[in-house]
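Enquirer: Take a look at this one; I'll ask things after.
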C-alpha cells in the first residue's frame with residue numbers, strides 16, 4: 285500500500301528531474317493524503333507536463349463518484365490490466381508521481397509506528413501512477429490518479445508486504461509513452477526497486493493526522509534504521 289507520501293523538493297528541482305514543463309510553483313508537502321490535490325507528470329503532445337490532480341482515481345464510466353464504495357488510491361500492478369477501473373489508464377494514461385519519500389506503518393494495532401522511507405542519500409523519485417479524466421452529466425470535470433504498488437523488496441518487507449512502484453529515470457520515456465495503446469511493453473518495469481535503493485527511519489506520530497503538515501512530521505532526529 286501507499287497511503288501517504290511527501291514531496292519537499294523545490295519546484296525547480298522537480299521540473300529539472302522530470303524534464304517537465306510547469307509554470308506554477310508549488311510549496312513543500314510533507315503529508316500528502318488521499319483525496320488531496322497532488323502533482324503528476326504526464327506526456328502531452330510534445331513535452332512532459334506537471335499538472336495537479338486529485339489522489340484517488342475515479343473511473344471515467346462512474347456516473348456518481350460519491351457512490352464509489354472505496355477510494356481508489358492504489359492499484360496492484362500485477363492485476364491492473366484485468367481490472368475495469370485500471371485497464372484503460374494502464375494502456376492509455378500512465379503518469380509519474382513525484383515524491384521525495386513515502387510512509388508506512390508497522391507494529392501492533394493501536395500502537396503502530398509510522399516510518400519515513402526515502403532514497404538512500406535523499407533525492408526525488410518517480411512513482412508509477414495512472415490518471416483518469418471524469419466528466420459529469422452536468423459538465424463538471426475532474427482529473428484523478430492512483431499509485432501502482434508491487435511486492436515489497438527485502439528492505440521494505442519488515443514494514444509491509446507492498447510498496448509503490450518506483451521507476452528509474454531511464455525508464456520514464458517508456459512508461460509515459462502511451463502511443464502503442466497497450467501495456468505489454470511496460471510489464472518488465474512492474475517490479476520492486478532494488479534492495480539497496482531505499483532506507484527508512486521513524487517518523488512522528490503526528491503524521492497520523494492528515495491535518496498535520498510541515499517538517500515536524502518527519503522526526504528528523506530519529507536514527508536511520510536501514
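Numbering (the numbering used here), first residue to last: 285 to 510.
For glycine and all other residues, C-beta sits at the position ideal for the given N, C-alpha and C.
1. Is the beta carbon of residue 336 less than 8 Å from the beta carbon of residue 305?
2. State the start and end residues of the unbroken alpha helix (DSSP H) segment that holds residue 372.
3. What residues are listed by DSSP as bridge partners for residue 305?
4. Under the three-state reduction of DSSP, which class applies to residue 466: helix, strand or coil?
5. With a 10 Å radius around its C-beta and 16 neighbouring C-beta atoms as the bar for buried, classify residue 416 as buried or exposed.
6. Helix, strand or coil for residue 351? Go by DSSP, reduced to three states.
7. Using only CA atoms, which one of 380, 308, 422, 367 lies nearest to residue 339?
8. Is it buried or exposed, residue 458, if we count other Cβ atoms within 10 angstroms and call 16 or more buried?
9. Going straight from the alpha carbon of residue 288 to that of residue 449, what length do you get?
10. For residue 358, which option in 405, 412, 346, 290 has the closest C-alpha, if you only look at C-alpha atoms?
11. Thinking just about the alpha-carbon of each residue, which of 315, 382, 479 is nearest to the one in residue 436?
12. Quick one: what does DSSP say residue 383 is sitting in, helix, strand or coil?
13. Whole angstroms is fine: what's the gap from residue 377's alpha carbon to residue 465's?
14. Quick one: what does DSSP say residue 492 is sitting in, helix, strand or coil?
15. What number of angstroms, rounded off, separates the C-alpha of residue 375 from the C-alpha of residue 429?
16. Out of curiosity, what's the CA-to-CA distance linking residue 387 and residue 425?
17. Go ahead and pull the three-state DSSP assignment for residue 454.
18. Return helix, strand or coil for residue 474, following the three-state DSSP convention.
19. Give me, in chain order, the residues of the same chain whose beta-carbon lies closer than 7 Å to that of residue 501; leave out the 5 immediate sequence neighbours on both sides.
20. Kindly give me the distance between the Cβ atoms of residue 298 and residue 382, rounded to whole angstroms, as I take these residues to be in contact under 8 Å.
21. Beta carbon of residue 414, beta carbon of residue 453: below 8 Å?
Expert: Per the coordinate set shown:
1. no
2. 371–376
3. 333
4. coil
5. buried
6. helix
7. 380
8. exposed
9. 14 Å
10. 412
11. 479
12. strand
13. 9 Å
14. helix
15. 14 Å
16. 30 Å
17. helix
18. coil
19. 314, 315, 487, 488, 490, 491
20. 5 Å
21. no
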